[in-house]
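Take a look at the structure below.
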Amino acid sequence: MSLSTVTMIYAGMFYIATFLLVAGLVYKIFDYSRTPAPLVIPTTPAPTTRTGVVYRMAKEVVVFESLFKSNKWIWVFGWLFHFGLLLVLARHLRYFTQPVWFWVDIVQPFGKYASIMMVVGLAGLLARRFVVDRVRYISTPSDYLMLVLLIAIGVSGMLMTFVAHTDIISLKEFFMGLMYLDIQPLPQDPILMVHLALVASLMVIFPISKLLHAPGLFFSPTRNQVDNPREHRHVAAWAARLDQNN
601 MSLSTVTMIY AGMFYIATFL LVAGLVYKIF DYSRTPAPLV IPTTPAPTTR TGVVYRMAKE
661 VVVFESLFKS NKWIWVFGWL FHFGLLLVLA RHLRYFTQPV WFWVDIVQPF GKYASIMMVV
721 GLAGLLARRF VVDRVRYIST PSDYLMLVLL IAIGVSGMLM TFVAHTDIIS LKEFFMGLMY
781 LDIQPLPQDP ILMVHLALVA SLMVIFPISK LLHAPGLFFS PTRNQVDNPR EHRHVAAWAA
841 RLDQNN
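Residue 601 is where the sequence shown starts when you use this note's numbering, and the numbers rise one by one after that.
If you want it as structure tokens, here you go:
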């Protein structure tokens with residue numbers, strides 16, 4: 601079976617985008633892990649045990665505790681976006697699993713409408729950069745472009761869900777084929793091709809953008825450190841090596 605030029609272009613695009621995404625994330629996480637933290641600087645009030653740190657991080661990841669305390673309406677839009685994105689990503693796992701996992705089946709109807717939640721949250725965050733003076737002052741073009749890109753991905757996905765349906769069986773065959781190096785024809789619906797091109801662009805940009813705060817949170821010394829400077833002397837790895845040499 602001969603494959604169209606469009607199929608080959610999109611297959612190559614996703615192979616390259618996946619490589620850049622994975623390699624970029626691995627490099628950034630490795631770089632974060634090597635960043636020295638010479639002082640104990642957790643944001644107080646901070647936990648005094650490692651279990652407390654885990655609990656604090658869990659609250660930060662799940663409910664955005666610090667953002668909730670600082671600004672309620674930004675928290676609403678931020679949580680709407682992130683929770684909606686989580687459900688949308690879970691729903692999309694049906695294109696990469698065979699048989700489809702039972703919990704992915706369960707999440708399908710919720711993920712379908714979570715795209716609306718995601719776009720509403722993004723629209724609120726974008727409006728914030730225009731409406732709030734101090735946020736508008738520090739915003740750069742990339743801040744706006746990231747939000748516009750995410751909104752475009754969400755809207756194009758919603759169009760395929762609620763307006764112009766695509767051939768999801770052929771689409772799944774395409775992605776399963778990519779996973780097993782057996783490229784299958786890609787449905788050449790215009791909205792689908794725009795959506796996939798935007799997703800591939802996001803995958804390439806993600807490791808070098810501010811969106812990388814997701815893994816970066818776990819390496820933040822203001823969040824991941826135990827507040828016990830009186831009980832234990834904190835010595836950074838590079839400082840310990842200097843002590844040994846002296």
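Idealized CB from N, CA, C, for every residue including glycine.
{"Check": "Of all the options ARG830, TYR737, LEU726, which has the alpha carbon lying nearest to the alpha carbon of LEU747?", "Outcome": "LEU726"}
{"Check": "Below 8 Å, can you find three or more Cβ-Cβ pairs linking the segment 717-726 to the segment 662-679?", "Outcome": "yes"}
{"Check": "Going by Cα to Cα distance, which pick from PHE702, ILE716, PHE730 is closest to HIS682?", "Outcome": "ILE716"}
{"Check": "By the three-class DSSP mapping on this structure, what secondary structure does LEU620 have?", "Outcome": "helix"}
{"Check": "Just to confirm, is the Cβ distance from PRO790 to LEU771 under 8 Å?", "Outcome": "no"}
{"Check": "Answer yes or no: do MET779 and PHE696 have a C-beta to C-beta separation smaller than 8 Å?", "Outcome": "yes"}
{"Check": "Which of helix, strand or coil does DSSP assign to MET601?", "Outcome": "Low confidence applies here, because MET601 scores a pLDDT of 45, under 50, leaving its location unreliable; read the following figure in that light. If DSSP states are grouped into helix, strand and coil, MET601 belongs with coil."}
{"Check": "Does the segment 789-809 come into contact with the segment 632-643, if we say contact requires no fewer than three beta-carbon pairs (one atom in each stretch) closer than 8 Å?", "Outcome": "no"}
{"Check": "Identify the continuous alpha helix (DSSP H) that holds GLU665 and give its terminal residues.", "Outcome": "665-670"}
{"Check": "Applying the 10 Å Cβ sphere with the 16-neighbour rule, what's the burial state of PRO807?", "Outcome": "buried"}
{"Check": "Using only the alpha-carbon positions, how far apart do MET601 and VAL755 sit?", "Outcome": "The pLDDT assigned to MET601 is 45, lower than 50, so where the model puts this residue is not dependable; a value taken from the coordinates is nonetheless given after this. Their backbone Cα atoms lie some 33 Å apart in a straight line."}
{"Check": "Answer with buried or exposed for GLU831, where buried requires no fewer than 16 other C-beta atoms within 10 angstroms of its C-beta.", "Outcome": "exposed"}
{"Check": "Quick one: Cα of ARG821 to Cα of TYR744, how far?", "Outcome": "Before going on, a small fix: residue 821 reads as Pro here, not Arg. Whole-angstrom Cα-Cα distance: 28 Å."}
{"Check": "If we require 4 or more residues per run, which alpha helix (DSSP H) segments fall completely within the segment 704-791?", "Outcome": "733-738, 741-762, 768-779"}
{"Check": "Of all the options ALA840, SER801, ARG841, ILE783, which has the alpha carbon lying nearest to the alpha carbon of THR607?", "Outcome": "ILE783"}
{"Check": "In whole angstroms, what is the alpha-carbon distance linking TYR627 and LYS810?", "Outcome": "15 Å"}
{"Check": "Enumerate in chain order the residues of its own chain whose CB-to-CB distance from LEU842 is below 8 Å, with the five nearest sequence positions on each side excluded.", "Outcome": "none"}
{"Check": "Does the Cβ of PHE774 have 16 or more other Cβ atoms within 10 Å, making it buried, or fewer, making it exposed?", "Outcome": "buried"}
{"Check": "Would you tell me roughly how many angstroms separate the C-alpha atoms of ALA714 and LEU689, rounded to the nearest one?", "Outcome": "10 Å"}
{"Check": "State the Cα-Cα distance for the pair SER742 and GLN844, rounded to the nearest angstrom.", "Outcome": "45 Å"}
{"Check": "Can you check whether the CB of THR644 is closer than 8 Å to the CB of VAL826?", "Outcome": "no"}
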